[in-house]
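Protein sequences appear in the order of chains L and B.
Our numbering numbers the first residue of the first sequence as 16 and each following residue consecutively.
Our numbering numbers the first residue of the second sequence as 433 and each following residue consecutively.
Okay, so here's the structure we're looking at.
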Amino acid sequence: GAGVSQSPSNKVTEKGKDVELRCDPISGHTALYWYRQRLGQGLEFLIYFQGNSAPDKSGLPSDRFSAERTGESVSTLTIQRTQQEDSAVYLCASSLLSDLETQYFGPGTRLLVL
Amino acid sequence: QKEVEQDPGPLSVPEGAIVSLNCTYSNSAFQYFMWYRQYSRKGPELLMYTYSSGNKEDGRFTAQVDKSSKYISLFIRDSQPSDSATYLCAWSKSGGSYIPTFGRGTSLIVHP
């Protein structure tokens, strides 16, 4: 079946602009995670959704970052007033509630803030 | 001290070599251990996971966990050029949302 998809695959924006990144999880996966991967660094956890609610937002780095999920499916990560340090690959993963240990990752969105 | 330490490499080996990749961690609460493989410009893919100390084998891959030393390893036997990727170790506390803490990854190059 289809895996996790993310769009756009690449995004170049100017400092100060807002961006929206989209994640389509595997159908039936109730759990959804967002991560950030800076060049040469490990993945940093941003936010976890269980269904449409977000019980853990502890990784969001500032109030410029927000995320929502609707219909227990698509999720969007929004970064307002982007800064150059926001440049990174943003990865989304999904999993079944019965098997949270196994996360399936999308290909990521490469964000470059000029 | 970072929670997870992993040498970024790159590690370059000839085809057929045995590869050893290693990570150390500091948080005793970690109970669930994972290895992910990430090809260039792709998302990570879960290779192996384990809860317990000791060895777990899957084909050419063996994961080894030493909880007393807070050390985990991934061994790749008969390495192939297709194994060239970045390998990320990760830990989480069991239960809850299983949010992993990742190492920065080790870049592996297997040359023919």
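Think of the CB as a built atom: it goes at the ideal place given N, C-alpha and C, for glycine as much as any other residue.
Does residue i come out as helix, strand or coil in the three-state DSSP assignment?
{"i": "L6/L", "result": "Past the edges of chain L, shown from 16 to 129, lies residue 6/L, and the structure says nothing about it."}
{"i": "D114/L", "result": "helix"}
{"i": "S472/B", "result": "coil"}
{"i": "P446/B", "result": "strand"}
{"i": "Q99/L", "result": "helix"}
{"i": "P513/B", "result": "helix"}
{"i": "E477/B", "result": "strand"}
{"i": "D462/B", "result": "Inspection of the sequence shows that residue 462/B is occupied by Phe rather than by Asp. F462/B falls in the coil class under three-state DSSP."}
{"i": "T85/L", "result": "coil"}
{"i": "I531/B", "result": "coil"}
{"i": "L58/L", "result": "strand"}
{"i": "L75/L", "result": "coil"}
{"i": "N67/L", "result": "coil"}
{"i": "K499/B", "result": "coil"}
Which value, in whole angstroms, describes the spacing of the CA atoms of residue i and residue j?
{"i": "G121/L", "j": "S90/L", "result": "12 Å"}
{"i": "Q118/L", "j": "S458/B", "result": "23 Å"}
{"i": "L129/L", "j": "K32/L", "result": "10 Å"}
{"i": "L113/L", "j": "Q52/L", "result": "The sequence shown places Ser at residue 113/L, rather than the Leu named in the question. Those two C-alpha atoms are separated by around 26 Å."}
{"i": "G64/L", "j": "D510/B", "result": "Here residue 64/L turns out to be Phe, not Gly, going by the sequence shown. Each residue's alpha carbon lies about 40 Å from the other."}
{"i": "Y481/B", "j": "A461/B", "result": "16 Å"}
{"i": "Y530/B", "j": "A46/L", "result": "10 Å"}
{"i": "P40/L", "j": "F465/B", "result": "24 Å"}
{"i": "S42/L", "j": "S516/B", "result": "30 Å"}
{"i": "S539/B", "j": "L443/B", "result": "6 Å"}
Take the Cβ of residue i as the centre, count every other Cβ of all protein chains shown within 10 Å, and call the residue buried at 16 or more, exposed below.
{"i": "P101/L", "result": "Residue identity check: residue 101/L is Asp in the sequence provided, not Pro. By the neighbour-count rule (16 or more Cβ atoms within 10 Å), D101/L is buried."}
{"i": "P76/L", "result": "exposed"}
{"i": "S446/B", "result": "Strictly speaking, residue 446/B in this sequence is Pro, with Ser absent from that position. Exposed, by the Cβ-count rule."}
{"i": "Y483/B", "result": "exposed"}
{"i": "Q21/L", "result": "buried"}
{"i": "P532/B", "result": "buried"}
{"i": "G535/B", "result": "buried"}
{"i": "G18/L", "result": "exposed"}
Nearest to residue i by CA position, among the options, is which residue?
{"i": "D490/B", "options": "I508/B, Y503/B, Y483/B, P476/B", "result": "I508/B"}
{"i": "Y471/B", "options": "Y519/B, S524/B, P532/B", "result": "Y519/B"}
{"i": "G86/L", "options": "G18/L, Q21/L, C38/L", "result": "C38/L"}
{"i": "G55/L", "options": "I504/B, P544/B, G441/B", "result": "G441/B"}
{"i": "S109/L", "options": "C455/B, P446/B, G475/B, D515/B", "result": "G475/B"}
{"i": "S30/L", "options": "A17/L, K72/L, V19/L, R79/L", "result": "The residue asked about is misnamed: residue 30/L is Lys in this sequence, not Ser. K30/L has its Cα closest to that of R79/L, out of A17/L, K72/L, V19/L, R79/L."}
{"i": "D498/B", "options": "I541/B, K525/B, N454/B", "result": "N454/B"}
{"i": "A103/L", "options": "L58/L, G66/L, S88/L", "result": "L58/L"}
{"i": "S73/L", "options": "S88/L, I94/L, W49/L, N67/L", "result": "W49/L"}
{"i": "S485/B", "options": "V436/B, R492/B, Q496/B", "result": "Q496/B"}
{"i": "I94/L", "options": "A17/L, L61/L, G18/L, V19/L", "result": "L61/L"}
{"i": "T97/L", "options": "D71/L, H44/L, S81/L, S88/L", "result": "S81/L"}
{"i": "W467/B", "options": "G537/B, S500/B, P513/B", "result": "G537/B"}
Closer than 7 Å: is that where the CB of residue i sits relative to any heavy atom of the ligand MG?
{"i": "D114/L", "result": "Annotation note on the ligand MG: not contained in the displayed structure, which lists no ligands."}
(message) Check whether the segment 25–42 of chain L and the segment 449–465 of chain B touch, using three or more Cβ-Cβ pairs below 8 Å as the test.
(response) no
(message) To be precise: take each residue of the segment 40–51 of chain L, compare its Cβ to all Cβ atoms of chain A, and keep it if any distance is under 9 Å. Which residues remain?
(response) Looking for chain A here will not work: the only protein chains present are L and B.
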